[in-house]
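Converting from the sequence shown to the numbering used here requires adding 4 to each position, the first position being numbered 1.
Glycine residues also receive a C-beta, built at the ideal position from the N, C-alpha and C atoms.
These figures come from a predicted structure and were not determined experimentally.
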Amino acid sequence: GRGDIPGQVIIQTYLPEHYAIKAAANHDYKAFYNEEISIRKDLNQPPFSKIIKITVKDVSNKKCTDQAMDVFNSLQNLEDPDHSINYYPALIPRLHNKYRWHILITGPNPRTLLNQINLPKSAQVDVDPLSTV
């Protein structure tokens, strides 16, 4: 739409009964928020926890993978039950001729774990990232 003229949106989905789709269709921000915040609280996701994403990059796929595994293993060895640690290849695994892997730390204060390990020089740290892919 433009100005006062309402527009029309077509959503194609396999999940028409999903709370996000229903709330969007009804312009019901509060219903979406209430459901989403409840789920995030149950799963201890932000804003009830913090996230740090570490991205390891290298021109060599093997070196990148090995460095990411080293960071992941170092974090796992800290044995902190209050934080979850995961690693995975980036959604676009190779960008600008560099391979990329992510390590994700979620918990009340992931910086405490980060401060206890050595990161490779190629690592990029993103506190409270906008995206985890």
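DSSP state of residue i mapped onto helix, strand, coil
i, result
"Q12", "coil"
"S88", "strand"
"T110", "strand"
"Y183", "Here the chain has residues from 5 to 137 only, and residue 183 is not among them."
"Q80", "helix"
"I96", "strand"
"K125", "coil"
"D136", "Before going on, a small fix: residue 136 reads as Thr here, not Asp. It is coil, neither helix nor strand."
"T2", "Residue 2 is absent from the model: the chain starts at 5 and stops at 137."
"D46", "helix"
Rounded C-alpha distance that separates residue i from residue j
i, j, result
"V131", "C68", "21 Å"
"Q49", "L134", "13 Å"
"D70", "N30", "48 Å"
"L123", "Y23", "40 Å"
"A72", "L47", "25 Å"
"P97", "E40", "29 Å"
Same chain only: Cβ atoms within 8 Å of residue i, ignoring 5 sequence neighbours per side
i, result
"K45", "F52"
"L19", "I25"
"K66", "none"
Contacts around residue i, its chain only, beta-carbon distance under 7 Å, and the 5 residues preceding and following it disregarded
i, result
"K102", "K61, D62, V63"
"S78", "I121"
"L117", "L79, L82, D84, H87, I109"
Sequence-distant residues of its chain with Cβ nearer than 6 Å to residue i (five each side left out)
i, result
"G11", "G5"
"V137", "L95"
Beta-carbon separation (whole angstroms), residue i vs residue j, contact threshold 8 Å
i, j, result
"A127", "T59", "7 Å"
Practice prompt. Could you tell me whether the region 97-117 touches the region 51-61, where touching means 3 or more Cβ pairs closer than 8 Å?
Written response: yes
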